[in-house]
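**Q**
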Amino acid sequence: MNVEQQYIDLFTQYEDVVCRHAPDCMNALRTRAFTDFERVGFPSLKHEDYRYTDVAQSFAPNYGLNINRLKMPVNPDDVFRCAVPDMRTHLFFVVNDSCYKDVLTDASLPDGVYAGGMKHFAERYPNVASRYYGKIAKTSADAVTALNTMLAQDGFVLYVPRKTKINRAIQLVNIFRSMVDIMANRRILVIMEPYSEAKLLVCDHSLDDVKCLSSQVVEIFVEEGACFDYYDLEESTVSTTRYMSLYVKQEVQSNVLVNGITLNNGLTRNNYHIYLNGDAAETTLCGMAIQDKEQQVDTYTYITHAVPHCKSTELFKNVLNDRSTGIFNGRILVKENAEKTEAFQTNRNMCMTREARMYSKPQLEIYADDVKCSHGMTTGQLDENALFYMQSRGLSRDEAKTLLSVAFTADIINNVRLSALKDRLHYLVEKRFRGELVQCAGCRTCNNITKTSRIK
6 MNVEQQYIDL FTQYEDVVCR HAPDCMNALR TRAFTDFERV GFPSLKHEDY RYTDVAQSFA
66 PNYGLNINRL KMPVNPDDVF RCAVPDMRTH LFFVVNDSCY KDVLTDASLP DGVYAGGMKH
126 FAERYPNVAS RYYGKIAKTS ADAVTALNTM LAQDGFVLYV PRKTKINRAI QLVNIFRSMV
186 DIMANRRILV IMEPYSEAKL LVCDHSLDDV KCLSSQVVEI FVEEGACFDY YDLEESTVST
246 TRYMSLYVKQ EVQSNVLVNG ITLNNGLTRN NYHIYLNGDA AETTLCGMAI QDKEQQVDTY
306 TYITHAVPHC KSTELFKNVL NDRSTGIFNG RILVKENAEK TEAFQTNRNM CMTREARMYS
366 KPQLEIYADD VKCSHGMTTG QLDENALFYM QSRGLSRDEA KTLLSVAFTA DIINNVRLSA
426 LKDRLHYLVE KRFRGELVQC AGCRTCNNIT KTSRIK
């Protein structure tokens with residue numbers, strides 16, 4: 006039996022149960038997603054964009070799924086403490102793939118802003134939910150997005166009305182909590198109406214020493230003149246596998262920053278799809294991964310310039326130690342008539358051992374004439390001359406390597422537009438290079454949690 010068949014059989018058998026616990030906007034797309042998943046199937050290693058990541062192997066194990074939406078016997082407020090002090094964020098939790106607390110919104114948020122579960126949002130704004138959910142996360146070409154759309158039953162929604170500014174960042178903490186191997190299908194929907202402003206920090210953590218698999222689909226709509234920052238901090242375990250697909254659609258004069266940072270993981274595949282559909286839209290896409298052991302981070306980016314006068318700046322960095330593997334596959338498409346486009350793509354990598362592997366493929370596809378575009382890639386080792394100079398000034402070789410590695414990643418962190426988060430990330434990155442970063446530093450383990458029910 007192929008890997009896809011177990012999910013086809015699962016959905017066929019439990020479709021009614023899946024739909025019973027989900028809102029109409031999610032249920033409306035399941036049949037099409039199921040058909041697309043059957044037709045497309047997981048990509049093989051022969052697929053040009055998945056040459057180094059075996060998707061089918063990741064989804065082959067018999068993971069537990071909480072289809073009946075059993076409430077997890079865990080209080081995130083008790084087990085989680087923010088690793089970023091003085092952030093004063095609006096804090097929300099997702100346990101596995103269920104939004105914690107059945108609340109409509111945080112009372113301290115500005116009037117009209119919604120931050121919370123998909124089900125309540127769909128009840129409160131049914132037309133808005135139907136108009137946006139699943140509209141840019143296309144299932145026709147991506148099997149993992151199709152599988153997520155087929156099985157997801159809940160999601161986190163951030164809705165910011167016209168001309169509304171949220172001064173404090175929204176923080177969403179994704180927590181894996183289980184005593185058996187588990188799979189979570191997570192959704193995030195962000196709707197930024199014209200001239201609104203907000204920042205969202207998403208943190209991924211794993212609490213238990215079991216195999217965890219997450220498929221996560223993020224849809225971000227940024228309307229005219231809106232400004233939005235999305236920060237993604239992954240600090241999980243070596244037994245965690247994550248497939249994340251982020252889709253952004255920008256309109257006239259909108260501004261978006263997407264910054265993804267992986268400090269600890271097992272296997273991660275991040276897909277970034279950004280559509281610049283309005284004149285003078287600007288996007289900054291950046292990220293970094295610090296890897297050791299046999300960890301793997303696979304980054305795929307696709308930025309589409311569809312109209313004139315837009316700008317995109319892309320920078321990704323990887324630091325690889327031991328037998329870790331990094332992949333960067335980036336593409337920028339400048340469509341015909343998208344004149345005055347400015348698009349810059351850079352990938353920089355550092356291999357600390359001979360066993361570490363980095364595969365990079367930056368690409369430009371341009372069909373307009375009057376543009377400024379560039380792309381480039383470098384992969385190397387630490388500068389021996391710089392190491393020698395620092396050792397001659399009294400530093401040990403290990404300390405010199407740590408300081409140079411921290412400096413290498415500094416420009417990614419400096420793109421963070423939250424001062425408290427920026428300072429904390431500098432600290433966490435240095436501890437990561439020193440081997441002192443505790444897995445899930447913000448979480449207190451609860452060993453008395455009841456064993457998760459396994460439904461398959």
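For the sequence shown, this note's numbering gives the first residue as 6, with consecutive numbering after it.
Glycine included, C-beta positions come from ideal geometry on N, C-alpha and C.
Owing to the predicted nature of the structure, the values given are computational and were not obtained by experimental measurement.
Is the beta carbon of VAL195 closer than 8 Å to that of ILE225?
**A** For this step, residue 225 is matched to residue 220 along the sequence shown. For this step, residue 195 is matched to residue 190 along the sequence shown. Closer than 8 Å, so yes.
**Q** Considering only the beta carbon of each residue, do ALA148 and GLY46 sit closer than 8 Å?
**A** As a working mapping, residue 148 is identified with position 143 in the sequence shown. As a working mapping, residue 46 is identified with position 41 in the sequence shown. Yes, these two residues count as a Cβ contact at 8 Å.
**Q** The alpha helix (DSSP H) with VAL178 in it runs from where to where?
**A** Residue 178 sits at position 173 when you count from the first residue of the sequence shown. Not the alpha helix (DSSP H): VAL178 falls in the beta strand (DSSP E), residues 175-181.
**Q** Please state the DSSP three-state secondary structure of LYS168.
**A** Counting from one through the sequence shown, the residue named residue 168 turns up at place 163. LYS168 falls in the coil class under three-state DSSP.
**Q** Would you say the beta carbon of ASN282 comes nearer than 7 Å to a heavy atom of the ligand SAH?
**A** This structure does not include the ligand SAH; it has no bound ligands of any sort.
**Q** I need the straight-line Cα distance from ILE141 to ALA415, nearest angstrom please.
**A** On the sequence shown, residue 141 is found 136 positions in, with the first residue counted as 1. On the sequence shown, residue 415 is found 410 positions in, with the first residue counted as 1. Between ILE141 and ALA415, the C-alpha separation is close to 32 Å.
**Q** Go through its chain and collect everything with a Cβ distance to ALA203's Cβ below 7 Å, but skip five positions before and after it.
**A** The residue you call residue 203 lines up with position 198 of the sequence shown. Same-chain partners within the cutoff: LEU163, VAL165, ILE171, ILE175, MET197 and PHE233.
**Q** Kindly list the residues whose CB is nearer than 8 Å to the CB of LEU400, restricted to its own chain and excluding five residues on each side of it in sequence; keep chain order.
**A** For the purposes of this step, residue 400 is taken as the residue at position 395 of the sequence shown. Excluding sequence neighbours, LEU400 sits near LEU408.
**Q** On the CB-based measure, 16 or more other CB atoms within 10 Å of its CB, does GLU319 come out buried or exposed?
**A** Counting from 1 along the sequence shown, the entry for residue 319 is found at position 314. Buried: at least 16 other Cβ atoms inside 10 Å.
**Q** Using DSSP with H/G/I as helix, E/B as strand and the rest coil, what is LYS204?
**A** Walking along the sequence shown from the start, residue 204 turns up at place 199. Three-state DSSP puts LYS204 in a strand.
**Q** Would you tell me roughly how many angstroms separate the C-alpha atoms of MET184 and SER211, rounded to the nearest one?
**A** Position 179 of the sequence shown holds residue 184. Position 206 of the sequence shown holds residue 211. If I take the Cα positions, the gap works out to 11 Å.
**Q** Going by alpha carbons, who is nearest to LEU75 out of MET123, ARG398, VAL339 and ARG182?
**A** What you label residue 75 is simply residue 70 of the sequence shown in a count that begins at 1. For the residues MET123, ARG398, VAL339 and ARG182, the minimum Cα distance to LEU75 belongs to ARG182.
**Q** Starting from the N-terminal side, write out each stretch of the beta strand (DSSP E) that is 3 residues or longer and does not extend beyond the region 302-377.
**A** 316-325, 330-339, 347-356 and 362-371, all fully within the region 302-377.
**Q** Find the nearest neighbour of LEU272 within the set ALA285, ASN342 and THR304, judged by alpha-carbon distance.
**A** Here the question's residue 272 lines up with position 267 in the sequence shown. Closest option to LEU272, Cα to Cα, is THR304.
**Q** Just the Cα atoms here: how many angstroms apart are LEU4 and LEU205?
**A** The structure shown does not extend to residue 4, since the chain is modelled only from 6 to 461, so the question has no answer here.
**Q** At the level of alpha carbons, what is the spacing between LYS345 and ASP284?
**A** Position 340 of the sequence shown, counting from 1, holds the residue named residue 345. Position 279 of the sequence shown, counting from 1, holds the residue named residue 284. The alpha-carbon atoms of LYS345 and ASP284 are separated by roughly 10 Å.
**Q** In the DSSP assignment, the alpha helix (DSSP H) including VAL23 goes from what residue to what residue?
**A** Here residue 23 corresponds to residue number 18 of the sequence shown, with the count starting at 1. Its alpha helix (DSSP H) spans residues 8-25.
**Q** Mind checking PRO66: buried by the 16 CB within 10 Å criterion, or exposed?
**A** Taking the first residue of the sequence shown as position 1, residue 66 is located at position 61. So PRO66 counts as exposed.
**Q** My understanding is that LEU177 touches VAL99, with C-beta atoms under 8 Å, so please give their C-beta distance in whole angstroms.
**A** Position 172 of the sequence shown, counted from the first residue, corresponds to residue 177. Position 94 of the sequence shown, counted from the first residue, corresponds to residue 99. That pair is a contact at about 7 Å.
**Q** Based on the DSSP secondary-structure assignment, which residues constitute the bridge partners of VAL261?
**A** Residue numbering aside, residue 261 sits at position 256 when the sequence shown is read from its first letter. Paired residue(s): PHE233 and THR288.
**Q** Enumerate in chain order the residues of its own chain whose CB-to-CB distance from PRO48 is below 6 Å, with the five nearest sequence positions on each side excluded.
**A** Against the sequence shown, residue 48 aligns to sequence position 43. Excluding residues within five positions, the ones whose Cβ falls inside 6 Å are TYR55 and VAL60.
**Q** Taking the alpha-carbon positions, what's the LYS377 to GLU287 distance?
**A** By one-based count along the sequence shown, residue 377 stands at place 372. By one-based count along the sequence shown, residue 287 stands at place 282. Their Cα atoms are separated by approximately 14 Å.
**Q** According to DSSP, is ARG402 helix, strand or coil?
**A** Sequence index remark: in the sequence shown, residue 402 carries index 397 (1-based). Here ARG402 sits in helix by DSSP.
**Q** Which full runs of the beta strand (DSSP E) of 3+ residues lie inside the region 94-165, going along the chain?
**A** Runs of the beta strand (DSSP E) inside the region 94-165: 95-100, 119-122 and 161-165.
**Q** If you count every other CB in all the chains shown that lies within 10 Å of the CB of HIS466, and 16 or more means buried, which is it?
**A** The requested residue 466 does not occur in the structure, where the chain is confined to residues 6 to 461.
**Q** Count the CB pairs spanning the region 361-371 and the region 328-336 that are closer than 8 Å, and state whether there are at least three.
**A** The region 361-371 vs the region 328-336: in contact.
**Q** What's the call for VAL108, buried or exposed, on a 16-neighbour Cβ count within 10 Å?
**A** Residue 108 sits at position 103 when you count from the first residue of the sequence shown. Unreliable positioning characterises VAL108 in this predicted model, as indicated by a pLDDT of 46, which lies under 50. A coordinate reading is not provided.
**Q** Express the C-alpha separation of TYR252 and ASN282 in angstroms, rounding to a whole number.
**A** Reading the sequence shown from its first residue, position 277 is the one you call residue 282. Reading the sequence shown from its first residue, position 247 is the one you call residue 252. The straight-line gap from Cα to Cα measures roughly 13 Å.
**Q** From the DSSP output, read off the bridge partner residues of SER250.
**A** Residue 250 sits at position 245 when you count from the first residue of the sequence shown. Paired residue(s): VAL222 and ASN276.
**Q** In terms of alpha-carbon separation, which member of SER410, GLN386, GLU299 and GLU43 lies closest to ASN7?
**A** Start at 1 with the first residue of the sequence shown, and residue 7 comes out as number 2. Among SER410, GLN386, GLU299 and GLU43, the Cα nearest to that of ASN7 is on GLU43.
**Q** May I ask you to report which of helix, strand or coil DSSP gives LEU392?
**A** Against the sequence shown, residue 392 aligns to sequence position 387. Reduced to three states, the DSSP call for LEU392 is helix.
**Q** Return the first residue and the last residue of the beta strand (DSSP E) that ARG429 is part of.
**A** The residue you call residue 429 lines up with position 424 of the sequence shown. Careful: ARG429 lies outside any beta strand (DSSP E), inside the alpha helix (DSSP H) at 424-438.
**Q** Kindly give me the distance between the Cβ atoms of VAL133 and ILE72, rounded to whole angstroms, as I take these residues to be in contact under 8 Å.
**A** On the sequence shown, residue 133 is found 128 positions in, with the first residue counted as 1. On the sequence shown, residue 72 is found 67 positions in, with the first residue counted as 1. The Cβ separation is near 27 Å, so there is no contact.
**Q** Grab me the residues of ASN276's own chain with a C-beta within less than 6 Å of its C-beta, minus the 5 sequence neighbours each way, in chain order.
**A** Position 271 of the sequence shown, counted from the start, is the residue given in the question as residue 276. Excluding residues within five positions, the ones whose Cβ falls inside 6 Å are SER250 and TYR305.
**Q** If you draw a straight line from the alpha carbon of THR384 to that of THR358, how long is it in whole angstroms?
**A** One-based indexing of the sequence shown puts residue 384 at position 379. One-based indexing of the sequence shown puts residue 358 at position 353. If you take the alpha carbons of THR384 and THR358, they lie about 12 Å apart.
**Q** Return the Cβ separation of GLU347 and LYS316 in integer angstroms, given the expectation that the two are a contact with Cβ distance under 8 Å.
**A** On the sequence shown, residue 347 is found 342 positions in, with the first residue counted as 1. On the sequence shown, residue 316 is found 311 positions in, with the first residue counted as 1. Yes, they are in contact, since the Cβ atoms of GLU347 and LYS316 sit about 4 Å apart, within 8 Å.
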